[in-house]
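**Q**
Numbering (full-length UniProt numbering), first residue to last: 1 to 186.
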């Protein structure tokens, strides 16, 4: 599999972010709160170099991917994620857009601590993005010492969400419209 080509967003990426609210909530509620995690997102890059994200905070990904800012976040750079690396969000921002990325991801959404972790699963790459609303020394220590646990949390979510990722892949491969009943608050 060649992932050195330019990444492209799944054709329905922005719609997908908000399409599966109850399914995502069922998975993410199992892990949110563990080790002070208040945000988790999984981004999968498939064999066609299409990127699709599923997030507990879809508005953050929407704002990132509906602009060009994601191109300045090395989290989505094949040279970074193909290494299976782990890094704090702040170290992954390209300097010329650092302030905008920091504002969008860490101030606007109140996540002072964020971590990205990349893994290869079968023929795809998956990026686990985790963040906390806390920035106390205890939380900072958790985010520097619990990478194995965070990786396992990401694997759990990835396994649980794999059918949704596969569904998204099939939509793109067959050029089909997204068919989902959007849920609204009661």
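Using N, Cα and C, we set each Cβ at its ideal position, and we do this for glycine too.
Fair warning: this is a prediction, and the values are worked out from it, not measured in the lab.
#1: Express the C-alpha separation of residue 118 and residue 166 in angstroms, rounding to a whole number.
#2: With DSSP as the reference, identify every bridge partner of residue 43, one or two as the case may be.
#3: Does DSSP classify residue 114 as helix, strand or coil?
#4: Is the distance from the Cβ of residue 53 to the Cβ of residue 69 below 9 Å?
#5: Can you check which of these residues, 91, 88, 101, is closest to residue 60 by C-alpha distance?
#6: Does DSSP put residue 135 in a helix, a strand or coil?
#7: Given a threshold of 16 other Cβ atoms within 10 Å of its Cβ, counted over all protein chains shown, does residue 107 qualify as buried or as exposed?
#8: Checking the sheet assignment: what are the DSSP bridge partners for residue 23?
#9: Rounded to whole angstroms, what is the Cα-Cα separation between residue 157 and residue 96?
#10: Using a Cβ distance threshold of 8 Å, determine whether the stretch 149-163 contacts the stretch 118-128, with at least three qualifying pairs required.
#11: Where DSSP assigns a beta bridge to residue 142, which residues make up the other side?
#12: Straight-line CA distance for residue 28 to residue 104?
**A** Judging by the given coordinates:
#1: In the chain shown, residue 166 corresponds to position 166, counting from 1. In the chain shown, residue 118 corresponds to position 118, counting from 1. Straight-line spacing of the CA atoms in residue 166 and residue 118 works out to 19 Å.
#2: Against the chain shown, residue 43 aligns to sequence position 43. For residue 43, which the question treats as bridged, DSSP gives the partners 53, 127.
#3: Locating residue 114 in the chain shown gives position 114, counting from the first residue. Strand, per DSSP.
#4: Taking the first residue of the chain shown as 1, we reach residue 53 at position 53. Taking the first residue of the chain shown as 1, we reach residue 69 at position 69. Result no, Cβ atoms of residue 53 and residue 69 do not sit closer than 9 Å.
#5: Within the chain shown, the letter at position 60 stands for residue 60. Considering only alpha carbons, the answer is 101.
#6: For the purposes of this step, residue 135 is taken as residue 135 along the chain shown, with counting starting at 1. In the structure shown, residue 135 falls within a coil segment according to DSSP collapsed to helix, strand and coil.
#7: Translated into positions along the chain shown, residue 107 becomes position 107. Under this definition residue 107 is an exposed residue.
#8: For this step, residue 23 is matched to residue 23 along the chain shown. Its beta-bridge partners do not exist; DSSP assigns none.
#9: As a working mapping, residue 157 is identified with position 157 in the chain shown. As a working mapping, residue 96 is identified with position 96 in the chain shown. Using only the alpha carbons, I get a separation of about 33 Å.
#10: These segments touch.
#11: On the chain shown, position 142 is the one that residue 142 refers to. Residue 142 pairs with nothing; no bridge assigned.
#12: Working through the chain shown from its first residue, we reach residue 28 at position 28. Working through the chain shown from its first residue, we reach residue 104 at position 104. Distance between the alpha carbons of residue 28 and residue 104 is about 22 Å.
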